[in-house]
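J.: In the working numbering, the protein residues as written are 453 to 760.
A single structure is presented below for examination.
Printed below as a string of structure tokens:
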């Protein structure tokens with residue numbers, strides 16, 4: 453965290469000769485500006501941050517903690533006031549994710565507000581808004597995520613949801629910048645990303661990314677992914693989960709089963725990305741509640757975005 457703070461604080465001319473550095477610094481500064489705006493609008497007790505151990509959630513957590521540090525709020529103090537939300541996945545998290553989250557809790561003074569499996573994001577938000585006075589929640593949404601093409605950095609919750617602000621500090625970040633941020637400043641992330649996973653969901657819907665398979669065996673780390681559009685190629689489409697589980701148990705010896713799954717997922721996500729996004733406004737979009745090509749209802753889109 454110290455190296456991150458130093459990078460943000462150094463004079464502009466110190467890295468002006470490196471456009472790559474300036475691009476990252478610009479993303480960090482814009483994210484911090486947004487976070488600080490929200491911290492100015494609301495007390496910490498009225499704010500929350502979703503965290504599931506994923507790479508995007510990690511970046512948001514570290515940025516929020518840096519913003520608080522720059523405002524003179526110690527991590528220990530913030531940990532007792534800022535709500536960090538964890539929604540247990542329906543089919544269980546990887547042991548590595550659980551261990552990583554425990555370490556984050558210890559090392560970064562994070563106390564989780566945990567919702568059991570089966571609790572929807574919408575119900576969790578309703579509980580926090582009605583009982584805890586929640587006003588805004590920090591999310592790890594990026595514009596490349598499913599159904600996020602029309603999202604804004606700061607936007608109200610969707611019609612029919614409890615009223616709160618969604619804060620998206622990473623909206624314009626790309627996959628490479630996420631990994632540049634984490635690795636450049638030696639910030640911790642779940643070790644599954646070093647084992648071929650590029651996007652984390654529950655144990656039933658997540659496999660290693662075939663695009664990272666080594667010819668000689670094994671998998672390259674997530675940050676080695678060259679085609680960023682394949683970030684979620686390791687996430688099974690909902691209505692094909694059972695087939696994918698069977699393939700994982702006996703059909704991957706020659707890699708063909710994984711390749712077939714990748715093509716299926718790419719096609720499904722392409723259809724999802726071209727479908728109507730969530731609309732913020734006076735009326736609900738006509739398609740709400742209808743199934744899209746990924747097998748999720750439009751009302752479940754916001755929950756889908758929590759897993760990275």
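All C-beta atoms in this analysis are idealised placements derived from N, C-alpha and C, irrespective of residue type, glycine included.
Distance, Cα to Cα, residue 709 vs residue 657?
T.: Model confidence at residue 709 stands at a pLDDT of 42, short of 50, so the residue's coordinates are unreliable; what they give is reported in the following sentence. Distance between the alpha carbons of residue 709 and residue 657: 15 Å.
J.: Give me the Cα-Cα distance between residue 570 and residue 675, rounded to the nearest whole angstrom.
T.: If I take the Cα positions, the gap works out to 31 Å.
J.: Since I believe residue 644 is in contact with residue 548 (beta carbons under 8 Å), could you give me their beta-carbon distance rounded to a whole number of angstroms?
T.: Rounded, the Cβ-Cβ distance is 5 Å, consistent with contact.
J.: Suppose the cutoff is 8 Å on Cβ atoms and the five residues either side in sequence are ignored; what does the same chain contact list for residue 671 look like?
T.: Cβ neighbours of residue 671 beyond the five flanking positions: 647, 648, 660, 661, 664, 665.
J.: I'd like to confirm the pairing. Which residues does DSSP put opposite residue 582 in its beta bridges?
T.: In the DSSP output, where bridge partners are listed per residue, residue 582 has none listed.
J.: How about residue 567 and residue 576: are their beta carbons less than 7 Å apart?
T.: In contact: residue 567 and residue 576 (Cβ atoms closer than 7 Å).
J.: Can you give me the C-alpha to C-alpha distance between residue 499 and residue 540, rounded to a whole angstrom?
T.: Each residue's Cα considered, the two are about 20 Å apart.
J.: By Cβ distance, which residues of its chain are closer than 6 Å to residue 556, with the 5 residues on each side in sequence left out?
T.: Cβ neighbours of residue 556 beyond the five flanking positions: 562.
J.: Do you know offhand how far residue 582's Cα is from residue 497's?
T.: Answer to the nearest angstrom: the Cα atoms are 14 Å apart.
J.: Would residue 536 be called buried (16 or more neighbouring beta carbons within 10 Å of its own) or exposed?
T.: Flag for residue 536 reads buried.
J.: For residue 608, which beta-bridge partners are listed by DSSP?
T.: DSSP, once it has assigned bridges, lists 617 as partnering residue 608.
J.: Counting pairs of Cβ atoms below 8 Å between the region 608-618 and the region 475-488, do you hit three or more?
T.: Touching, no.
J.: State the DSSP-derived secondary structure class of residue 535, mapped to helix, strand or coil.
T.: If DSSP states are grouped into helix, strand and coil, residue 535 belongs with the strands.
J.: Evaluate residue 592 with the Cβ neighbour count: other Cβ atoms within 10 Å of its Cβ, from every protein chain shown; 16 or more gives buried, anything less gives exposed.
T.: Classification of residue 592: buried, given that the 10 Å Cβ count is 16 or more.
J.: Going along the chain, which residues of its own chain have a beta-carbon closer than 7 Å to the beta-carbon of residue 736, five neighbours each way excluded?
T.: With a pLDDT of only 31 at residue 736, under 50, the local geometry of the prediction cannot be trusted, and the value read off the model is given with reservation. The residues are 611, 612.
J.: If you compare alpha carbons, which of 653, 651, 625, 522 is closest to residue 492?
T.: Minimum Cα distance to residue 492 is reached at 522.
J.: Given this structure, state the Cα-to-Cα distance separating residue 650 from residue 684, to the nearest angstrom.
T.: The alpha-carbon atoms of residue 650 and residue 684 are separated by roughly 7 Å.
J.: Tell me which residues share the same chain as residue 588 and place their Cβ nearer than 8 Å to its Cβ, disregarding the 5 neighbours each side in the sequence.
T.: Closer than 8 Å at Cβ, skipping near neighbours: 490, 493, 494, 498, 499, 500, 616, 617, 618, 619.
J.: DSSP state of residue 564, grouped into three classes?
T.: If DSSP states are grouped into helix, strand and coil, residue 564 belongs with the strands.
J.: Under 8 Å by Cβ, that's how I've got residue 642 and residue 503 pegged, so tell me the actual separation to the nearest angstrom.
T.: Not really, about 11 Å apart at Cβ, beyond 8 Å.
J.: Per DSSP, what are the beta-bridge partners of residue 501 in this structure?
T.: BP columns for residue 501 point to 536, 590.
J.: Just to confirm the assignment, what range does the alpha helix (DSSP H) spanning residue 553 have?
T.: Looking at the DSSP string, the run of the alpha helix (DSSP H) that includes residue 553 is 547-559.
J.: Under 7 Å Cβ to Cβ from residue 635, same chain only, skipping five residues before and after it: list those, please.
T.: Result list for residue 635: 675, in chain order.
J.: Are residue 480 and residue 512 close, meaning C-beta to C-beta below 7 Å?
T.: It is not a contact, given that the beta carbons lie outside the stated cut-off.
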